[in-house]
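Input: a single structure, listed below in structure tokens.
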Amino acid sequence: MRKDFLWGGATAANQCEGGWQADGRGMAIVDVLPQGENRLPVMQGVMDYRTLPEGTRYPGRDGIDLYGHYKQDIALFAEMGFRCYRFSFSWSRIFPTGEEAQPNEAGLKFYEDFIDELLRYGIEPIVTICHFDLPLHLVEKYGSWRSRAVIDAYLRYCEVIFRRFRNKVRYWITFNEINMLMHLPFMGAGIRFEAGENPLAVKYQAAHHELVASALATKLAHEINPDCQVGCMIAAGSVYPYSCRPEDVWESMQKDREAYFFIDVQARGAYPNYAKKLWEREGITVDVTEEDERILKANTADFIALSYYNSRCVRTDGQGEASGGNVFASAKNPYLTCSQWGWPIDPMGFRITLNALYDRYEKPLFVVENGLGAVDVLTPERTVEDDYRIDYLRTHIQAMMQAADEDGVDIMGYTPWGCIDLVSATTGEMSKRYGMIYVDQDNDGHGTGERIRKKSFYWYRDVIANNGENL
Ligand code: BG6
């Protein structure tokens, strides 16, 4: 393990910040993601949020009110010994529509105070610039990332935050789980499909614009502060063939490539041949200029951030059950147990995934999400005995340390997801909890909002204090 290994935790504005109308913040994608059965079709871009019924609740608008509690929450992170904290900025807090000539000073000041509070405790800020987040105005006016205009809006936002936080933020991540665009296009990138459109063509064009934006942001960040590091990020999880049947093996390779596609461009600087062939086969023309190609080539990522929750599995014989596991379709792997939400639990898959990414890219990896979503019960002593979460984290940290110490994978840090309970991205629920800090709030937003240390809080504090040596 690196001596300066960055132990910490991760959250994102869209799922915990709240304060959706505070200080002139503009509407963002997350503000129109509903609770309940309409959430999935809206996230997939096949249902228009403007057709949602009166009285719909939007849980992201209030989150867990990190906006109002951040000093208290950061104090708890410091008590756990965090060396870093990964969080995201809400773009529309800084540019309410994405198109203002001047940024919203109140929004910038909020993040400045927030970052100063982290630095006061010696916690390194890791900032995700765009975590499933976009001013809604850019969705309505331009159709979001399908338009090149959004690249300019993103870069204006980047320039403002890179300059303002030049001396305070050393690690930036351009887009959270950039490959999520292929699975949940509206949640991931504000893409809603129009009748008659070829969804795959729209997604690949939007992806191209995000990739160019990411490369240009990397360039800009380095110009403004040559010491900062800029990462790309993948929703990772190796895809296993269900059997040694060659068709299964081939299919698993195709599925891996769906995710690698993005990082191949961001880490290696060019579209892989398999992508060009796929576009040809699908009759898709992506508008990629020679200038774009030069930009992609010249501005690759400094590190590769990843989330890992589970491995995936494919079978091509049409038999067997499907498994849960993010939004990635997967066959049920008979060797693994699953979480209460049906997500497979596979610590060895974590080691496999880390090795696969490092073999392919040979760039430092940063694990910026990992964790177990589970129902927690508050005991009469007002704590949570979350041994299941400790087991999950312990086995995954062990696997990560094996990857580092036995396999030589260069890993910069580890920030488990939702270190404080927050709203689930895919389900909109509070009851799917990942935190080491319990938040007294239910699925309907009711509760005191009180923060309570779980058993895992004390366990993780010891892990950090011992640099992972006493698992
Ligand atoms: C990742 C996202 O996909 O998974 C997070 O980056 C998300 O935003 C996390 O919360 C866990 O997913 P969920 O649906 O359980 O919240």
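Number 924 in our numbering belongs to position 105 of the sequence shown; there are no gaps in the numbering. All residues carry an ideal CB built from backbone N, CA and C; glycine is no exception.
Point to revise | Extent of the continuous beta strand (DSSP E) to which L871 belongs | key: First-last for L871: undefined, no H or E at that position.
Check your understanding: Which one or two residues does DSSP pair with P944 in a beta bridge?
Key -> Listed as beta-bridge partners of P944 by DSSP are Y904.
Practice item. Could you check what DSSP says for C977 in three-state terms: helix, strand or coil? Key: Under the three-state reduction of DSSP output, C977 falls in the helix class.
Check your understanding: What whole-angstrom Cβ distance do G1139 and A1150 have, given they're in contact under 8 Å?
Key -> 6 Å
Practice item. To the nearest angstrom, report how far apart D1083 and R965 are at their CA atoms. Key: 21 Å
Exercise for review: For G1161, verify whether its CB is less than 6 Å away from any heavy atom of the ligand BG6.
Suggested key: No, the Cβ of G1161 stays beyond 6 Å of every heavy atom of the ligand BG6.
Exercise for review: Give the DSSP-derived three-state secondary structure of F914 in the structure shown.
Suggested key: Reduced to three states, the DSSP call for F914 is coil.
Review point. By Cβ distance below 6 Å, which residues in the same chain neighbour S1250 in space, the five residues on each side in sequence not counted?
Key: V1194, N1262
**Study point:** Close beta carbons around I1230, own chain, < 6 Å, minus the five adjacent residues each side
**Key:** L1184, A1223
Check your understanding: Would you call the CB atoms of V773 and Y1233 closer than 7 Å?
Key -> Because the chain spans 820 through 1290 in this model, residue 773 falls outside it and cannot be assessed.
Review point. By Cβ distance below 6 Å, which residues in the same chain neighbour E918 in space, the five residues on each side in sequence not counted?
Key: Excluding residues within five positions, none has a Cβ falling inside 6 Å.
Exercise for review: Would you mind reading off the limits of the beta strand (DSSP E) that contains P878?
Suggested key: Careful: P878 lies outside any beta strand (DSSP E) and carries neither H nor E.
Review point. Does DSSP classify A920 as helix, strand or coil?
Key: DSSP places A920 in coil when its eight states are reduced to three.
Review point. When every heavy atom of the ligand BG6 is checked, does at least one fall within less than 6 Å of the C-beta of N995?
Key: yes
Point to revise | Same chain, Cβ closer than 7 Å to A1034, neighbours up to 5 away in sequence not counted | key: Once the five neighbours on either side are set aside, the close Cβ partners of A1034 are I1114, L1115, N1118.
Review point. Does the ligand BG6 have a heavy atom nearer than 6 Å to the CB of T829?
Key: Looking at the sequence provided, one finds Ala at residue 829 rather than Thr. Outside the cutoff, so no.
Exercise for review: Could you check how far apart the C-beta atoms of C1051 and Q1024 are, in whole angstroms? I think they sit under 8 Å.
Suggested key: About 19 Å separates the two Cβ atoms, so there is no contact after all.
Review point. Is I1043 near F981, with beta carbons less than 7 Å apart?
Key: yes
Review point. Smallest Cα separation from P954: which of A1094, R1064, G843, L1019?
Key: If we check each option's Cα against that of P954, G843 comes out closest.
Review point. Over what stretch of residues does the alpha helix (DSSP H) that includes C835 continue unbroken?
Key: 832-835
Review point. Do K1095 and the ligand BG6 come close, with the Cβ less than 6 Å from some heavy atom?
Key: no
Check your understanding: The beta strand (DSSP E) with M1052 in it runs from where to where?
Key -> 1048-1055
**Study point:** Integer-rounded CB distance, given that Y904 should sit under 8 Å from I945
**Key:** About 7 Å; that satisfies the 8 Å criterion.
**Study point:** Backbone secondary structure at A1014 - three-state DSSP
**Key:** coil
Point to revise | Assigned exposure category for T947 - 16 Cβ within 10 Å defines buried | key: Under this definition T947 is a buried residue.
Check your understanding: Mind checking whether Y1127 and N1174 have CB atoms under 7 Å apart?
Key -> no
Check your understanding: Y1079 to I1053, Cα distance in whole Å?
Key -> 8 Å
Review point. To which residues does DSSP link I1256 through a beta bridge?
Key: I1239, R1272
**Study point:** Element boundaries [alpha helix (DSSP H), containing E898]
**Key:** 885-899
Point to revise | Inter-residue Cα distance where the pair is N1017 and W1098 | key: 12 Å
**Study point:** Heavy atom of the ligand BG6 within 6 Å of G1192 beta-carbon
**Key:** When distances are taken from the beta-carbon of G1192 to the heavy atoms of the ligand BG6, the shortest one is below 6 Å.
**Study point:** Opening and closing residue of the beta strand (DSSP E) in which Y990 lies
**Key:** 990-992
Practice item. Figure out for me which residue from F1012, Y990, R989, W991 has the closest Cα to the Cα of L1000. Key: Looking at the Cα atoms, F1012 is the closest of the given residues.
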